[in-house]
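Chains as they are written, first to last, in the working numbering: chain B, 1310 to 1421; chain H, 13 to 125. Note that the Cβ used here is the ideal one computed from N, Cα and C, for glycine as well. From a predicted model like this one, the values you see are computed outputs, not experimental measurements. Read the structure below first, then the notes.
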């Protein structure tokens, strides 16, 4: 049982480049989330998906897009990376109700 | 919407002492309150949670208490050990279609030997 799997673990991009962060869960959870965590800071919600086929903006969606490909997979795309997007990105999933999140191991992204 | 405040932002204790972290929430309809521990360079991991129909829950050296009237909940760690050093996040969830957790800003706990 892998839980939540994120790829890649590390990435360096040049300003203006694009990339997609992948996330997959094998727990049959309906809800999935993307967070960013800047050094020494808390978790800020970028986008979330309450169910397959639906996505909604979180508190910091600018510069990002998402796709809920199926129930298992939720990807995050940076169309034109900026240094301000240097951060650690965490994907999470949840069964909802009175159950918590399970987080992936994170993607450490540096934009130069 | 829901708002969660967490205090203190940093906490230093001597090994063996107790540590208490407090969170307050704004929406009385919130019904689920988890606590996450994040070690340096690692993912946040759920360590304990409490539902709104329970006032206290304990798991070995950690416990969580919930005061629904005052809208606050606290994490208690007894007999602290150096491996308890980490950032701790509280969270609250409103029952809704989105199932979003609203996180506090985190508490950096340092346990000195």
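Is residue 1356 of chain B close to chain H, meaning its C-beta is less than 9 angstroms from at least one C-beta of that chain? False, the Cβ-Cβ gap to chain H never drops below 9 angstroms.
Taking only three categories from DSSP, how would you classify residue 1334 of chain B? Strand.
Can you tell me whether DSSP reads residue 51 of chain H as helix, strand or coil? In the structure shown, residue 51 of chain H sits in coil (DSSP, three-state: anything other than H, G, I, E or B).
The beta strand (DSSP E) that contains residue 17 of chain H, what's its start and end? Run containing residue 17 of chain H: 16-19, per the beta strand (DSSP E) assignment.
Look at residue 1336 of chain B and residue 1407 of chain B and say whether their C-beta atoms are less than 9 angstroms apart. No, the pair does not count as a contact, with Cβ atoms beyond the cut-off.
Of the residues that make up the segment 1364-1390 of chain B, which ones have a beta carbon closer than 9 angstroms to any beta carbon in chain H? Those residues of the segment 1364-1390 of chain B that come within reach of chain H (Cβ to Cβ, closer than 9 angstroms) are 1365 and 1367.
Determine, using beta carbons only, whether residue 1398 of chain B comes closer than 9 angstroms to chain H. By the rule that beta-carbons nearer than 9 angstroms mark a contact, residue 1398 of chain B does not touch chain H.
Hey, is residue 46 of chain H's beta-carbon within less than 9 angstroms of any beta-carbon in chain B? With 9 angstroms as the cut-off, residue 46 of chain H counts as an interface residue toward chain B.
Between residue 103 of chain H and chain B, is the shortest Cβ-Cβ distance under 9 angstroms, so that the two count as touching? Closer than 9 angstroms to some Cβ of chain B, the Cβ of residue 103 of chain H qualifies, so yes.
Is it buried or exposed, residue 73 of chain H, if we count other Cβ atoms within 10 angstroms and call 16 or more buried? Exposed, since its Cβ has fewer than 16 Cβ neighbours within 10 Å.
As an exercise, report each continuous beta strand (DSSP E) stretch of at least 3 residues that is fully enclosed by the segment 74-123 of chain H, in chain order. Entirely contained in the segment 74-123 of chain H, the beta strand (DSSP E) runs reaching 3 residues are, in chain order, 74-79, 84-89, 98-105 and 113-115.
Determine which residues of the segment 59-85 of chain H have a Cβ less than 7 angstroms from any Cβ of chain B, and write them out in chain order. Listed in sequence order: 61 and 63.
C-beta neighbour in chain H for residue 1411 of chain B, strict 9 angstroms: By this cut-off, residue 1411 of chain B is an interface position.
Using a Cβ-Cβ distance under 9 angstroms, would residue 117 of chain H count as near chain B? For residue 117 of chain H, the answer is yes, since a Cβ of chain B falls inside 9 angstroms of its Cβ.
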